[in-house]
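Here the sequence shown stands for residues 217 to 381, numbered as in our numbering.
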Amino acid sequence: MTFPRTIVNNSISNISPSISPTATISISPTPFTEQNYQTGPTEEGLKEYFISFGSGSTSSIDWVDVGGLQTTLDLSTYGTVDKIFFEASVAVPTANQSVSVRLFNKTDKHPVWNSEVSMNAGDSSYLVSNPIVYDKGKKTYQVQMRTQLGSQANLGQSRLHIVLE
Numbered sequence: 217m218t219f220p221r222t223i224v225n226n227s228i229s230n231i232s233p234s235i236s237p238t239a240t241i242s243i244s245p246t247p248f249t250e251q252n253y254q255t256g257p258t259e260e261g262l263k264e265y266f267i268s269f270g271s272g273s274t275s276s277i278d279w280v281d282v283g284g285l286q287t288t289l290d291l292s293t294y295g296t297v298d299k300i301f302f303e304a305s306v307a308v309p310t311a312n313q314s315v316s317v318r319l320f321n322k323t324d325k326h327p328v329w330n331s332e333v334s335m336n337a338g339d340s341s342y343l344v345s346n347p348i349v350y351d352k353g354k355k356t357y358q359v360q361m362r363t364q365l366g367s368q369a370n371l372g373q374s375r376l377h378i379v380l381e
C-alpha cells in the first residue's frame, strides 16, 4: 500500500520537534582533606585490645594445630601491657569428655606459658587463662587443642585479650 505524497508531506510538516531539559547535572570537585588518625591508645583512650584467632575443631587426643588459627605479631607494640589473657569458647557435642586449648609459640617452639585452658566433661564453656607469659619480639602464635577421649570438640572462638596499664 502506498500513500499519496501530499498526505505524507503534510504529516511531516506538522511535526515540530521540541526538546526541554528535565535535569541539569553539575560536576564540581570535592576538595581532599587529609585526616590524621591516632593509631595507639591515649591516656583516656583505649585500654585493651582483642586479637581474634577464629574457630575450629578437633577429635585428636594429642596436641594438634587448629587449622588456620595462627598469627604473627609483636605483643610489645601494643603499648605498656599490664596483662594478656588467652580466651576460648569450647563446646563438646557429646558432653562426655574434657578438652584443652592452648597457644603455641611456633617461632620458639614451645607452649605459651599459662595459656592452657581446660573444660571437664560438659556441654560448653567460656574459658579464660591466667595472665600469659609471652616472649619479647615478633612471634608466630598457633592455637592448639586436644580431647580426652577422641570425640569431636568445637572451638567457637579464640582470642588474646590485651589489657594495658
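Glycine included, each C-beta is placed from N, C-alpha and C at the ideal position.
Does residue i get closer than 9 Å to chain D when you measure Cβ to Cβ?
i, result
"V359", "Here chain D cannot be found, since the structure has a single protein chain."
What do you get for residue i, buried or exposed, if any count of 16 or more other CB atoms within 10 angstroms of its CB means buried?
i, result
"I300", "buried"
"V349", "exposed"
"S374", "buried"
"S357", "First, the amino acid is wrong: residue 357 is Tyr here, not Ser. Counting Cβ neighbours within 10 Å, Y357 comes out buried, since at least 16 surround it."
"Y342", "exposed"
Does the Cβ-Cβ distance between residue i and residue j come in under 9 Å?
i, j, result
"S331", "S314", "no"
"D324", "D290", "no"
"E264", "L365", "no"
"S334", "S275", "no"
Give me the Cβ distance between residue i and residue j, rounded to the nearest whole Å; I'm assuming they're in contact under 8 Å.
i, j, result
"A369", "S273", "6 Å"
"V306", "V317", "6 Å"
"L371", "V282", "6 Å"
"F320", "Q360", "5 Å"
Alpha carbon to alpha carbon, how far is residue i from residue j?
i, j, result
"I378", "A311", "31 Å"
"K354", "T363", "30 Å"
"L376", "I267", "5 Å"
"W329", "L262", "26 Å"
"S340", "P347", "22 Å"
"S292", "D278", "31 Å"
"Q286", "P309", "25 Å"
"H326", "G270", "21 Å"
"A304", "G284", "15 Å"
Original post:
At what residue ranges does the segment 332-361 contain a whole run of the beta strand (DSSP E), taking only runs of 3 or more?
Top reply: Correct list: 333-335, 340-344.
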